[in-house]
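Below is one structure, written out as structure tokens; comments come after it.
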Amino acid sequence: MNDIDVLLQETRSFPPSAEFKAKAHVHDSRLHDDAGMAPHAFWAREAATLDWMKPWETVCEWTPPRAKWFTGGTLNVSVNCVDRHIHGPRRNKAALIWEGEPGDRRTWTYWDLYREVNLAANMLKRLGVTKGDRVAIYMPMIVESVIAMLACARIGAIHTVVFGGFSPDSLRDRINDCGCKVLITADGGYRRGQTVPLKRNADEALKECPTIEHVLVVMRRRSGVGDETFAEMQEGRDHWWHRLKRQVPKYCEPEEMDAEDVLFILYTSGTTGKPKGIVHTTGGYLTGAAATTKYVFDLKDEDVYWCTADIGWITGHTYLTYGPLANGATCVMYEGAPDWPDKDRFWQICERYGVTVFYTAPTAIRAFMKWGAPFVEKHDLSQLRVLGSVGEPINPEAWMWYHKVIGKERCPIVDTWWQTETGSIMITPLPGVTSTKPGSATTPFPGIKATLLDSQANEIAVGGGLLAITHPWPSMLRTIWGDDQRYVDTYFSKWEGRPDLYFPGDGAKRDDDGFLWILGRVDDVLNVAGHRIGTMEVESALVDHPAVAEAAVVGKSHDLKGQAIAAFVTLRAGFTQSGSLRDELREHVALKIGALARPDDILFSADLPKTRSGKIMRRLLRDIAEGRALGDTTTLADPSVVASLKDQYEAQE
Ligand code: PRX
Numbered sequence: 001m002n003d004i005d006v007l008l009q010e011t012r013s014f015p016p017s018a019e020f021k022a023k024a025h026v027h028d029s030r031l032h033d034d035a036g037m038a039p040h041a042f043w044a045r046e047a048a049t050l051d052w053m054k055p056w057e058t059v060c061e062w063t064p065p066r067a068k069w070f071t072g073g074t075l076n077v078s079v080n081c082v083d084r085h086i087h088g089p090r091r092n093k094a095a096l097i098w099e100g101e102p103g104d105r106r107t108w109t110y111w112d113l114y115r116e117v118n119l120a121a122n123m124l125k126r127l128g129v130t131k132g133d134r135v136a137i138y139m140p141m142i143v144e145s146v147i148a149m150l151a152c153a154r155i156g157a158i159h160t161v162v163f164g165g166f167s168p169d170s171l172r173d174r175i176n177d178c179g180c181k182v183l184i185t186a187d188g189g190y191r192r193g194q195t196v197p198l199k200r201n202a203d204e205a206l207k208e209c210p211t212i213e214h215v216l217v218v219m220r221r222r223s224g225v226g227d228e229t230f231a232e233m234q235e236g237r238d239h240w241w242h243r244l245k246r247q248v249p250k251y252c253e254p255e256e257m258d259a260e261d262v263l264f265i266l267y268t269s270g271t272t273g274k275p276k277g278i279v280h281t282t283g284g285y286l287t288g289a290a291a292t293t294k295y296v297f298d299l300k301d302e303d304v305y306w307c308t309a310d311i312g313w314i315t316g317h318t319y320l321t322y323g324p325l326a327n328g329a330t331c332v333m334y335e336g337a338p339d340w341p342d343k344d345r346f347w348q349i350c351e352r353y354g355v356t357v358f359y360t361a362p363t364a365i366r367a368f369m370k371w372g373a374p375f376v377e378k379h380d381l382s383q384l385r386v387l388g389s390v391g392e393p394i395n396p397e398a399w400m401w402y403h404k405v406i407g408k409e410r411c412p413i414v415d416t417w418w419q420t421e422t423g424s425i426m427i428t429p430l431p432g433v434t435s436t437k438p439g440s441a442t443t444p445f446p447g448i449k450a451t452l453l454d455s456q457a458n459e460i461a462v463g464g465g466l467l468a469i470t471h472p473w474p475s476m477l478r479t480i481w482g483d484d485q486r487y488v489d490t491y492f493s494k495w496e497g498r499p500d501l502y503f504p505g506d507g508a509k510r511d512d513d514g515f516l517w518i519l520g521r522v523d524d525v526l527n528v529a530g531h532r533i534g535t536m537e538v539e540s541a542l543v544d545h546p547a548v549a550e551a552a553v554v555g556k557s558h559d560l561k562g563q564a565i566a567a568f569v570t571l572r573a574g575f576t577q578s579g580s581l582r583d584e585l586r587e588h589v590a591l592k593i594g595a596l597a598r599p600d601d602i603l604f605s606a607d608l609p610k611t612r613s614g615k616i617m618r619r620l621l622r623d624i625a626e627g628r629a630l631g632d633t634t635t636l637a638d639p640s641v642v643a644s645l646k647d648q649y650e651a652q653e
């Protein structure tokens, strides 16, 4: 029996408690039913909870594969996330409770945030940024990252956040792809007791970024060993955040943005070597972010909400920044690693701030499981009431551990399926409604139409198929920056003649109760510890090394990371395989892309298994990497290649 069948035999079901239901925003099926019949009316109602400067004329214009939402309407995202909370009882409410890895702590109220966002917006203006300009943000997990995003939104600049763990090359490519005018960074950040030299990385990247005119640098390290010499400042180009702040006016009039104006670009991996700049707009995105945050996490004013994602990923955008702040929530933000200085850091934080809603990734949950319950039991987690999971399929064992050890069998678990492209959660339980099953993301969010199709676009009622979204939704991506054709080809061309069907790239199964079980990507995209990485990106990084002639990369199952990277490499003449070359290649990939892409295994091989037309058969490489019997090898040009690879791989293990 394979893993999928084991998964589908999961019959345990966990209904919400009567106590939870009684207080939940949503406690019966009416929201799903009503939104199912009239999705536009549902989304219009949710959009109406935002502050608009001018009301929209049309809820949705759908000319497949193009959707526009709330056309004619105008609003400003920073006003919705900050200004509208400062006139009432939320004015002095904690917006962000921040903790740095070394232990420094600070709380920003909504009023604090308001002041800081205005100042930051004026700093950007002072540096010549105007509406529509692109601003790159390459930051550690400090509050200034959120402030920088909101400041861009305030003046109508388009931000592109680049994860602080990415290499200078990755940063450079993203800046150049969308032509950023300004980069916001910090001197450094802290991770596992080490400093991450962000400004130095940025300087390296900027050697080849002709569009960057100015760099705004936050001094993160002032509380630690740092001083101004940690970052070398280039006269005229670089400016300290804390100094420029003193020179600008305190109030910045928010820009009136069209609902369809671009809010941000976020790069994510696809099946080619070049990451895609996913474009999200203003009105629809914020509507999706705000509504899902409220209903999926049953978010209330008195909650202390903690999403552990980094600001560099879509989860950090939608569920650390825009969704919770639009709801006026109190959010916890933590800079560092979960095991620093010890493996109970997260639970210490939950206890210290009384976290009530906790949202993390299965890879983290599996690590907590491995570290053991005693680290959790040292702390009082009695305030927790909702637990969330995102980023990859959660195995039932990890789900049960989360339920028992963290949630004490009291807290509903919401396993949320979505993507950078979808902008907000698409398939998920609602904690006061759904009887959850360990390992299933359950059913589409109200107003979302998701189903399973076969390759001919026939619907699959029960069984396995390709996930498809059959109706537009407000927070959907609008295009890929600079490559609109790729938008059409990647997402709306899977089913011939059906540009109305969105293809996310995932396979799933539907059980007898209509619940969906996401199985993972069906394309050449890997999911390593919840991070999305294209096999081609890693292959390009490998062949960039002078010793490598050809490389093929596949994912293999990994207990903690979900997937790990296995690479098969053929060397150029004159190079010989060795342990040190293997280490060098692993480091080379980390240097080119970032540590998250470092391969676990590298196997040297004289040849790679190819079809007669020269295509590398990754399917067979996956079989080898996962130690399975080889699948069909009849289409191989030279079947002996794969047999010898298998022997070598097993010998190496
Ligand atoms: O394969 C799915 C997986 O993560 C992919 C999206 O990655 P990214 O754009 O980086 O966004 C991650 C955070 C939203 C999806 O195509 N994925 C995400 N959530 C789940 C998931 N797989 C299974 N279950 C989930 N809950």
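Counted the way UniProt numbering counts, the sequence shown spans residues 1 to 653. Note that the Cβ used here is the ideal one computed from N, Cα and C, for glycine as well.
A residue is called buried once 16 or more other Cβ atoms fall within 10 Å of its Cβ, and K23, having fewer, is exposed. Setting aside the 5 residues that flank it on each side, L244 is surrounded in the same chain by M123, each with a C-beta closer than 6 Å to its C-beta; the list follows chain order. Within the DSSP secondary-structure output, M257 pairs in a beta bridge with L75. With 16 or more other Cβ atoms from the protein chains shown falling within 10 Å of its own Cβ, R510 counts as buried. Taking a contact as a CB-CB distance under 8 Å, the pair V548 and L571 counts as one, their CB atoms being some 7 Å apart.
Placement of the Cβ of V390 at a distance of less than 6 Å from at least one heavy atom of ligand 1 is found.
Counting other Cβ atoms within 10 Å of its Cβ, D298 reaches 16 or more and is therefore classed as buried. Secondary structure at P396: helix, using DSSP grouped into helix, strand and coil.
As the crow flies, the alpha-carbon of T321 is around 10 Å from that of L96. Placement of the Cβ of Q563 at a distance of 6 Å or more from every heavy atom of ligand 1 is found. Non-local beta-carbon contacts of D607 in its own chain, meaning distances under 6 Å to residues more than five positions away in sequence, involve V641 in chain order. For ligand 1, no non-hydrogen atom lies closer than 6 Å to the CB of R622.
Three or more Cβ pairs drawn from the region 96-108 and the region 331-339 lie within less than 8 Å of each other, which places the two stretches in contact. Taken through DSSP and simplified to helix, strand or coil, H40 comes out as helix. Cα atoms of L452 and L466: separation of roughly 5 Å, rounded to the nearest angstrom.
The region 499-517 makes no contact with the region 528-543, as fewer than three CB pairs between them are under 8 Å. For Q419, the shortest C-beta to heavy atom distance toward ligand 1 is below 6 Å. I448 carries a coil assignment under DSSP once its states are collapsed to helix, strand and coil.
Under the three-pair Cβ rule at 8 Å, the region 296-316 does not count as touching the region 108-125. DSSP places N527 inside the beta strand (DSSP E), whose first and last residues are V525 to V528. Taking C-beta atoms under 8 Å as the contact rule, L477 and H280 qualify, at a distance of about 6 Å. The beta carbon of L286 lies closer than 7 Å to those of L50, V77, N80, Y322 and A326 in the same chain, with the five residues before and after it left out. Within the region 574-615, the runs of beta strand (DSSP E) that reach at least 3 residues and sit entirely inside it are, in chain order, 601-604. Excluding its 5 nearest sequence neighbours in each direction, V357 has C-beta neighbours in its own chain below 6 Å: F297, D303, Y305 and V386, listed in chain order. Residues of the same chain with a CB within less than 8 Å of the CB of G631, apart from the 5 flanking positions on each side, are R619, L620 and D623 in chain order.
Counting C-beta pairs with one atom in each stretch, the region 338-345 and the region 365-383 have three or more that are closer than 8 Å, which means they touch. One thing to note: G73 has its Cβ within 7 Å of the Cβ of K54.
Counted as a single uninterrupted DSSP element, the stretch harbouring I212 is not any beta strand (DSSP E), since DSSP gives it neither H nor E. Between P429 and T436, the beta carbon gap of about 5 Å places them in contact (Cβ cut-off 8 Å). In this structure, I518 has its CB closer than 6 Å to one or more heavy atoms of ligand 1. Residues V589, K592 and I593 of the same chain have their beta carbon placed closer than 6 Å to that of A541, with the five preceding and five following residues left out of the count.
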